[in-house]
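The numbering of the sequence shown is UniProt numbering, which starts it at 1 and goes up by one. Quick reminder that beta carbons are idealized off the backbone N, C-alpha and C, glycines included. Since this is a predicted model, take the numbers as computed values, not measurements. What follows is a short report on a single structure.
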Amino acid sequence: MSLLHLAIIAPFLMAIFIPFLYKGFRRIHTGWFVLIVPILLFSYFLHFIPIVKGNETVTKTIRWIPSLNIELTAFVDGLGLLFALLITGIGSLVVLYSIFYLSKKKEQLHNFYVYLLLFMGAMLGVVLSDNLISLYMFWEFTSISSFLLIGYWYQRDGSRYGAQKSMLITVFGGLAMLGGFLLLYIMGGTFSIRELIGMADVLMSKSLFVPAMLLILLGAFTKSAQFPFHIWLPDAMEAPTPVSAYLHSATMVKAGLYLVARMSPIFAEHALWLWLVGSFGIFTMTWGSFNAVKQTDLKGILAFSTVSQLGLIMSLLGVGAAALHYKNMDENLFIVATVAAIFHLINHATFKGSLFMVVGIIDHETGTRDIRKLGGLMGLMPITFTIALIGSFSMAGLPPFNGFLSKEMFFTGMVRVLDMDFFSLDTWGILFPVLAWVGSIFTFLYSMVLFFKTFSGRLQQEKLERKPHEAPFGMLLPPIILASLVVIFGFFPNILTYNIIEPAVGAILPSLLKPGEHFVGHISFWHGFTVELFMTIGVITGGTLLYITYPKWKKVYTIIPEKLTLNSMYDRGLYWAETGSYQLTRTYMTGFIRTYLVYIFIFFIGITGVTLYVKDAFKLDTSNVAPIGSYEVVLALIVLAGSATILLAKSRLTSIIALGAIGYTVSLFFVLFRAPDLALTQLVIETVSVALFLLAFYHLPPLNRHERSVGFKLSNALISLGVGLIVTLVAISAHSNKLFDSIAKYYIENTHDKAGGENMVNVILVDFRGFDTMFEICVLGIAALGIYGMVKLRLTQGGKADEKK
């Protein structure tokens with residue numbers, strides 16, 4: 001195993017030891033042990049910067065399932081490294097923040113940190129996987145671990161609801177994404193992303209290309225909370241603030257952006273990709289910012305602002321695909337959108353992470369996040385005030401912070417859409433800069449609401465649960481670091497340009513990579529009196545006017561009735577699905593085993609019979625059939641007699657004896673067919689079965705009149721005859737249709753040489769079919785645990801478990 005693979009699984013390995021550390025060192029906050037992992041990983045990934053800066057990559061492969069072309073291939077390029085640094089860097093700060101935010105006396109810290117480490121490892125697996133199947137495996141692991149994190153406070157209804165909502169929507173998208181991956185494999189014959197990128201031109205001519213694109217985008221849109229799938233993200237704010245700061249600023253919601261960026265070299269030259277990614281993104285940006293303004297909970301504002309910012313980055317990734325289309329002009333005219341997407345992705349992680357932590361501090365020190373109860377905290381919490389000012393103004397796109405730079409580049413990318421004379425962008429493309437400007441106005445507005453409603457005005461102490469005061473330094477340090485990065489990246493953005501941004505952009509637009517040449521320009525504050533500058537002035541002016549006049553126009557949010565909102569539709573849809581499934585289930589789940597067997601047997605008869613007829617599969621070939629001896633006829637008659645005895649017996653003891661007689665007779669068949677080991681196995685099984693039946697016999701009630709009299713039912717007779725006939729036909733047809741050479745010869749030739757065994761049956765079960773045997777043992781183990789649990793469970797008459805017992 002390579003060091004790179006070890007870096008991916010390190011969080012999973014650490015998660016194993018967390019419960020032991022939690023119990024063994026109760027005086028020490030468990031977070032101090034966890035903090036070591038992201039710090040070491042962040043330090044490890046830093047050493048890849050010089051490698052990717054030189055347009056080089058690192059690949060390490062572990063063969064997993066070679067027969068299916070599935071490998072655990074860890075691949076580091078500019079894009080994967082950027083996300084790995086965000087995952088581990090922000091992860092380090094979040095863990096440090098959680099040490100002071102979560103009380104070791106009140107919280108189940110071992111659960112929290114196990115979930116957090118599982119999520120961290122899953123995210124690293126997503127962004128560093130080259131194989132589509134391994135990427136999907138880690139992708140769904142992020143959904144599971146985020147479900148656990150969001151529902152950490154499972155005692156709360158809101159936490160359970162939010163966790164379920166995020167799980168249902170993101171897993172739905174993940175399954176669709178898996179379908180897209182399988183279609184790519186069908187077209188390209190490989191699960192390797194790099195190999196698929198190399199055959200992008202060939203894939204584009206395939207009929208499955210567009211369906212694969214749509215399914216993959218469905219997965220990306222659900223994970224990155226694009227409209228209309230964004231409804232899960234606000235409800236996910238029920239999670240502890242460290243979780244929100246981690247999942248919704250730098251990791252989980254960015255997974256969809258990563259997927260779009262990673263798949264861009266394959267799909268970007270198709271018009272539908274640009275329009276879907278760009279239009280969904282820009283509409284999500286505007287819709288999210290518009291809805292953020294009406295929120296009264298600080299985390300609610302940040303939730304919708306995250307939706308908006310994700311839409312902004314998504315739209316830039318869509319528009320940036322134009323750099324691969326326009327070959328007759330300087331491609332740098334259009335690459336600015338992709339550069340802005342990567343730059344803003346970094347900036348968003350810094351200012352949004354700091355703001356989430358600020359909100360957690362306010363909630364921790366005042367007991368509320370309701371802006372209607374807050375105000376006047378500037379003098380009481382000066383450090384928190386300063387961090388909030390930097391984060392809010394950067395989010396609003398104001399200088400001299402990094403958000404201003406990437407917002408200006410965002411405007412540039414949207415304005416240059418009008419220069420594109422393909423895919424109807426020269427006409428309908430006007431929607432991109434218009435929606436970008438409108439969405440930015442509301443972004444400015446909710447940023448000002450977040451900041452001024454919290455820190456300015458009069459202190460409303462009577463509405464607060466606690467007397468406000470500054471948080472401890474340990475809780476302030478992580479947001480201070482993030483706020484410092486906001487300022488540093490604002491004044492010195494080019495420390496990222498050629499080390500981080502350009503390699504990431506090169507991974508998204510590989511055709512632009514030219515050895516020894518830079519294609520990302522110098523980032524600076526002033527570019528003269530440009531359209532973008534006047535758009536910014538308009539944003540500030542319009543946002544200020546809307547802020548001042550908000551009481552006069554806020555009724556616009558009541559235009560759409562509550563029952564027509566997406567959340568209401570989701571709730572009603574879930575209710576109808578649950579109710580409908582319950583009603584449907586009641587029609588066939590009667591509680592009678594006979595009914596279930598009737599369904600199973602009728603379905604079996606129908607499907608198997610129709611298949612035999614349609615495929616003309618029935619054949620009768622007696623050329624290789626051995627003669628039937630008198631012993632076999634006698635044994636068959638004994639089996640038939642035993643079966644009839646079981647049905648007609650008037651006592652359970654007689655039925656048990658008849659059942660045992662059938663089993664022992666079958667063992668005689670094995671003896672006749674020269675399979676003594678199978679005969680011994682059958683004898684052991686029958687002996688144990690009969691013994692168990694006899695042990696339970698004492699506890700069985702006597703047969704009642706209904707059970708003693710077995711009446712004739714035509715339906716039962718037809719079903720039993722049908723099953724017997726179908727099984728007989730299948731057996732005869734299977735013997736008569738030899739589509740392949742018998743595998744028996746292979747076992748005869750290889751049992752001794754490859755498995756080192758003399759007993760062929762044992763070798764087949766243990767070696768050649770080892771996985772089957774292992775899974776069977778697992779099933780038996782699970783059944784045994786279930787039986788043990790049921791035996792240990794004692795219920796009172798009220799239905800509740802008796803804890804004393």
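DSSP bridge partner residues for residue i (one or two, in chain order)
i, result
"V58", "V76"
"N131", "S192"
"E71", "R63"
"D363", "DSSP, once it has assigned bridges, lists no residue as partnering D363."
Straight-line Cα distance separating residue j from residue i
i, j, result
"V415", "A436", "9 Å"
"G189", "L203", "11 Å"
"Y498", "T558", "48 Å"
"M329", "F432", "Low confidence applies here, because M329 scores a pLDDT of 45, under 50, leaving its location unreliable and the question unanswered by this model."
"T142", "K554", "37 Å"
"A340", "A396", "16 Å"
"L583", "G80", "Going by the sequence as given, residue 583 is Gln instead of Leu. If I take the Cα positions, the gap works out to 48 Å."
"S456", "V293", "17 Å"
"I523", "G78", "19 Å"
"L182", "N347", "34 Å"
"F147", "V171", "10 Å"
"L6", "Y246", "22 Å"
"S484", "F492", "12 Å"
"L398", "L208", "45 Å"
"A507", "R262", "8 Å"
"K352", "I787", "50 Å"
"G219", "L345", "19 Å"
"F603", "M420", "58 Å"
"Y547", "K299", "19 Å"
"L135", "L259", "10 Å"
"Y599", "G606", "11 Å"
Counted within 10 angstroms of its Cβ, other Cβ atoms place residue i as buried (16 or more) or exposed
i, result
"M569", "exposed"
"I685", "exposed"
"T30", "buried"
"N402", "buried"
"E56", "exposed"
"P478", "buried"
"T384", "buried"
"G756", "exposed"
"M448", "buried"
"T251", "buried"
"S581", "exposed"
"R63", "exposed"
"G379", "exposed"
"Q108", "exposed"
"K105", "exposed"
Coil, strand or helix - residue i by DSSP
i, result
"D753", "helix"
"R160", "helix"
"D297", "strand"
"D421", "coil"
"D741", "coil"
"D370", "strand"
"N716", "helix"
"T142", "helix"
"T654", "helix"
"F48", "coil"
"A696", "helix"
"H469", "coil"
The ligand FMN heavy atom lying under 6 Å from the CB of residue i
i, result
"A617", "The ligand FMN is absent from the structure shown, which contains no ligands of any kind."
Beta-carbon separation (whole angstroms), residue i vs residue j, contact threshold 8 Å
i, j, result
"G320", "F334", "7 Å"
"T88", "F45", "6 Å"
"residue 806", "G256", "With the chain covering only 1 through 805, there is no way to say anything about residue 806."
"F119", "S129", "The Cβ separation is near 16 Å, so there is no contact."
"L215", "G180", "3 Å"
"A679", "V671", "5 Å"
"residue 807", "V76", "Any answer about residue 807 is impossible in this case: the structure gives the chain only from 1 up to 805."
"S643", "I662", "7 Å"
"L82", "I500", "6 Å"
"L116", "L149", "7 Å"
Any chain C beta carbon closer than 7 Å to residue i
i, result
"P11", "No chain C appears in this structure, which consists of one protein chain only."
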